[in-house]
Amino acid sequence: MSVAGGGADLVVVNGRVLTMDDDNPAAEAVAVKDGVIIAIGDRASIEDLKGPATKVVDAQGGSVLPGFIEAHMHLFGGAAELDNLHLAGVHGFDALRDAIQDFAAKRPDARLLIGAGVDYAILPEPVTRHDLDRIISDRPFAMSASDHHTMWANTKALEEAGLLHGRQVGQGNEIVMGADGLAAGELREGEAFGPVLDHYGANRTRLGLEGAEPDPYPSAKELAADRDLMHRGLQWCAKHGITSIQNMDGNLYQLELLAGLEKEGRLICRTKIPFHFKNFMKLDMLEKASRMAATYKSEWLSSGMVKVFYDGVLDSWTAVMVDDYADRPGWRGEPLFSPAHFAEVAVEADRRGLQIAVHSIGDGAVRAVLDGYQAAQKKNGRRDSRHRVEHIEVTTASDVPRFAELGVLASMQPAHPPGALNFPMEPTISRIGRDKWPLSYAWRTLKNAGARVVFASDWPVSPVDPILSIQAAVMRKPWADGLPDQSFSLREAIAGYTVEGAYAEFMEDRKGRLKAGYLADIVVLSADIEAATPEALHTVRPLTTICGGKITYQA
Numbered sequence: 001m002s003v004a005g006g007g008a009d010l011v012v013v014n015g016r017v018l019t020m021d022d023d024n025p026a027a028e029a030v031a032v033k034d035g036v037i038i039a040i041g042d043r044a045s046i047e048d049l050k051g052p053a054t055k056v057v058d059a060q061g062g063s064v065l066p067g068f069i070e071a072h073m074h075l076f077g078g079a080a081e082l083d084n085l086h087l088a089g090v091h092g093f094d095a096l097r098d099a100i101q102d103f104a105a106k107r108p109d110a111r112l113l114i115g116a117g118v119d120y121a122i123l124p125e126p127v128t129r130h131d132l133d134r135i136i137s138d139r140p141f142a143m144s145a146s147d148h149h150t151m152w153a154n155t156k157a158l159e160e161a162g163l164l165h166g167r168q169v170g171q172g173n174e175i176v177m178g179a180d181g182l183a184a185g186e187l188r189e190g191e192a193f194g195p196v197l198d199h200y201g202a203n204r205t206r207l208g209l210e211g212a213e214p215d216p217y218p219s220a221k222e223l224a225a226d227r228d229l230m231h232r233g234l235q236w237c238a239k240h241g242i243t244s245i246q247n248m249d250g251n252l253y254q255l256e257l258l259a260g261l262e263k264e265g266r267l268i269c270r271t272k273i274p275f276h277f278k279n280f281m282k283l284d285m286l287e288k289a290s291r292m293a294a295t296y297k298s299e300w301l302s303s304g305m306v307k308v309f310y311d312g313v314l315d316s317w318t319a320v321m322v323d324d325y326a327d328r329p330g331w332r333g334e335p336l337f338s339p340a341h342f343a344e345v346a347v348e349a350d351r352r353g354l355q356i357a358v359h360s361i362g363d364g365a366v367r368a369v370l371d372g373y374q375a376a377q378k379k380n381g382r383r384d385s386r387h388r389v390e391h392i393e394v395t396t397a398s399d400v401p402r403f404a405e406l407g408v409l410a411s412m413q414p415a416h417p418p419g420a421l422n423f424p425m426e427p428t429i430s431r432i433g434r435d436k437w438p439l440s441y442a443w444r445t446l447k448n449a450g451a452r453v454v455f456a457s458d459w460p461v462s463p464v465d466p467i468l469s470i471q472a473a474v475m476r477k478p479w480a481d482g483l484p485d486q487s488f489s490l491r492e493a494i495a496g497y498t499v500e501g502a503y504a505e506f507m508e509d510r511k512g513r514l515k516a517g518y519l520a521d522i523v524v525l526s527a528d529i530e531a532a533t534p535e536a537l538h539t540v541r542p543l544t545t546i547c548g549g550k551i552t553y554q555a
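Going by full-length UniProt numbering, the sequence shown opens with residue 1, and the numbers climb by one from there.
Rendered as structure tokens:
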């Protein structure tokens, strides 16, 4: 076989190629030209396709996989957090004090000091502004929980942001008040803590979670800084073998930033950005989602998705449950939409041909969202919509089969179950209650029932590293004897980051597998991932990431 025009642009040789293509599951080498895979086979046949200018990547016996598809993340906010104080794993007042004071000393000019990755049980008792004031009182400080649904702020930050005396917030949000009639320091959900970030000019990266655009529009200097920040996030993804991103917050501004990077030759991951629909919006706001979908529809930059939050999270009792919380009788969480309101949104978005993805953590939220998708199907007729439910941390036996029946995707995060990777067991498992443990984070149960299960990290909630998530999926252990095993095999977990990710964005005929005619999105690993023990999977690292036939990361 010969290749016109001077041979292949790039070949990967001497690898253990795991194609994820059932018709041709394994090979030694891959050839690429014009951004597309042109051949897969043994080393000799692929080397025959080399020309004088062909770039050769020697895999040195390591695995060669389809580029990882990160199906649920927050690119702009994640990039911003790379510079924050990272508090994951920090416990106890002394450790928290030392971390904050050291961070503050190195950033004397920061308007707002921000910490991230906080465990809800970082202190023996719930964190208050007084705890933070004992650490730092003369400069505004705020820190967010690892799930990004709660922040804690010191008195100076609360006072300067106008929250010390409380403020009216929408349903599902709360500024926790103290016995003294002043804000206690805990701010639950975005409407409660958004004003802190707004006040200090730290909220532009969060606007995609609010369905908002920057106002006033950023200056040329701010635009350039935001493009650089986005690029830094893309570089972080490429370093971890990611070639495609399905972002889960979005606005027109993020699309414009990424389009600017594309013009500059710096869009190094294929990126999908949704329109974020909030509960206060009128249905005609979905026209903006349709415009975004019509304007951005290339293989590098696309829209066409509507993202919605139906509930919050378990640890702050803001996830919506079918039954009372096990540790809070009489409380089931407060939904951000009524079931009827969400159904109206689902029907209209579906009518427009848009894909819908809904944050649904509690089993009550999961049920309401499935009901909404069913209403859309009944009203508009069945189509290949691939609507998604995001997270599904708790579900019910009666709702499990509905995913396959409705053709709804289960978008889940292997790093999220307590004890799996970076989240502690408590307080989450006590919030859920033992009766609901069998159907908590139930990937295997859903898959066995015929659901398409796609994996992701939810970065920056969890580390972006797909291999860590794959390891978490393989090593998943039940919390108690007698619970079902929800773990995945290695191949199934890799499929969750490749084949299923491609299917989730209607691109299964172009990516997610290594196959002639598919996009040349490839990751070369440092070792044979199939030979590694489950305990050692995290030591297998991306050495080379290739997106569209171009090397986007080299170790």
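Cβ coordinates follow ideal geometry from the N, Cα and C atoms, glycine included.
Got a sec, what are the start and stop residues for the beta strand (DSSP E) residue i sits in?
| i | result |
| --- | --- |
| isoleucine 467 | Unbroken run through isoleucine 467 is the alpha helix (DSSP H), 466-474; no beta strand (DSSP E). |
| phenylalanine 455 | 453-455 |
| histidine 165 | Here histidine 165 belongs to no beta strand (DSSP E), and DSSP marks it neither H nor E. |
| valine 32 | 29-33 |
| glycine 172 | Looking at the DSSP string, glycine 172 is not in any beta strand (DSSP E), and its letter there is neither H nor E. |
| arginine 541 | From DSSP, arginine 541 is part of no beta strand (DSSP E); its letter is neither H nor E. |
| glycine 117 | 113-118 |
| alanine 39 | 36-41 |
| aspartate 58 | 55-58 |
| glutamate 160 | Glutamate 160 -> not in any beta strand (DSSP E); alpha helix (DSSP H) instead, spanning 155-160. |
| serine 411 | 409-412 |
According to DSSP, is residue i part of a helix, a strand, or is it coil?
| i | result |
| --- | --- |
| valine 313 | coil |
| histidine 91 | coil |
| arginine 188 | strand |
| alanine 293 | helix |
| glycine 107 | Per the sequence shown, residue 107 should be read as arginine rather than glycine. Reduced to three states, the DSSP call for arginine 107 is coil. |
| threonine 396 | coil |
| methionine 1 | In this predicted model, methionine 1 has a pLDDT of only 48, less than 50, meaning its place in the structure is not dependable; the value taken from the coordinates is given anyway. Methionine 1: coil per DSSP, three-state reduction. |
| threonine 552 | strand |
| phenylalanine 488 | coil |
| phenylalanine 337 | coil |
| valine 389 | strand |
| glutamine 101 | helix |
| alanine 531 | coil |
| isoleucine 46 | helix |
| histidine 86 | strand |
Could you check whether the Cβ of residue i sits closer than 8 Å to any Cβ belonging to chain D?
| i | result |
| --- | --- |
| tryptophan 443 | Reference to chain D is not applicable here, since this structure consists of a single protein chain. |
Can you check DSSP and say which residues form a bridge with residue i?
| i | result |
| --- | --- |
| leucine 65 | Val523 |
| phenylalanine 275 | Val306 |
| asparagine 247 | Met73 |
| methionine 177 | Ala183 |
| phenylalanine 141 | Leu113 |
| tyrosine 325 | Arg328 |
| serine 360 | His391 |
| arginine 16 | Ser63 |
Could you spell out the range, first to last residue, of the alpha helix (DSSP H) harbouring residue i?
| i | result |
| --- | --- |
| lysine 379 | 363-380 |
| glutamine 235 | 220-239 |
| leucine 261 | 252-263 |
| arginine 444 | 443-448 |
| histidine 148 | No alpha helix (DSSP H) contains histidine 148, which DSSP labels as neither H nor E. |
| tyrosine 217 | Taken as a continuous stretch (DSSP letters only), tyrosine 217 belongs to no alpha helix (DSSP H), as it is neither H nor E. |
Closer than 7 Å: is that where the CB of residue i sits relative to any heavy atom of the ligand COA?
| i | result |
| --- | --- |
| valine 347 | Here there are no bound small molecules, and the ligand COA is not part of this structure. |
Given this structure, state the Cα-to-Cα distance separating residue i from residue j, to the nearest angstrom.
| i | j | result |
| --- | --- | --- |
| glutamate 477 | tryptophan 437 | The sequence given here places lysine at residue 477; glutamate does not occur at that position. If I take the Cα positions, the gap works out to 12 Å. |
| phenylalanine 337 | alanine 536 | 43 Å |
| glutamate 500 | aspartate 324 | 34 Å |
| cysteine 269 | aspartate 458 | 17 Å |
| aspartate 94 | proline 460 | 25 Å |
| threonine 271 | isoleucine 245 | 5 Å |
| methionine 321 | aspartate 435 | 13 Å |
| methionine 425 | alanine 326 | 15 Å |
| lysine 156 | arginine 139 | 7 Å |
| leucine 163 | proline 195 | 8 Å |
| valine 17 | glutamine 60 | 12 Å |
| histidine 130 | asparagine 154 | 7 Å |
| leucine 402 | alanine 368 | Checking the displayed sequence, the identity of residue 402 turns out to be arginine instead of leucine. Distance between the alpha carbons of arginine 402 and alanine 368: 12 Å. |
| methionine 151 | glutamate 186 | 6 Å |
| alanine 473 | valine 394 | 17 Å |
| alanine 495 | tryptophan 443 | 13 Å |
What is the C-beta distance between residue i and residue j, in whole angstroms, given that I count them as a contact (C-beta under 8 Å)?
| i | j | result |
| --- | --- | --- |
| tyrosine 373 | alanine 349 | With 8 Å as the limit, tyrosine 373 and alanine 349 do not qualify as a contact, their Cβ atoms being about 10 Å apart. |
| leucine 370 | valine 400 | Going by Cβ atoms, the distance from leucine 370 to valine 400 rounds to 10 Å, so no, they are not a contact pair. |
| isoleucine 135 | leucine 96 | 7 Å |
| threonine 498 | isoleucine 69 | 6 Å |
| alanine 121 | leucine 158 | Rounded, the Cβ-Cβ distance is 22 Å, inconsistent with contact. |
| proline 274 | alanine 161 | Not confirmed; about 28 Å, so no contact. |
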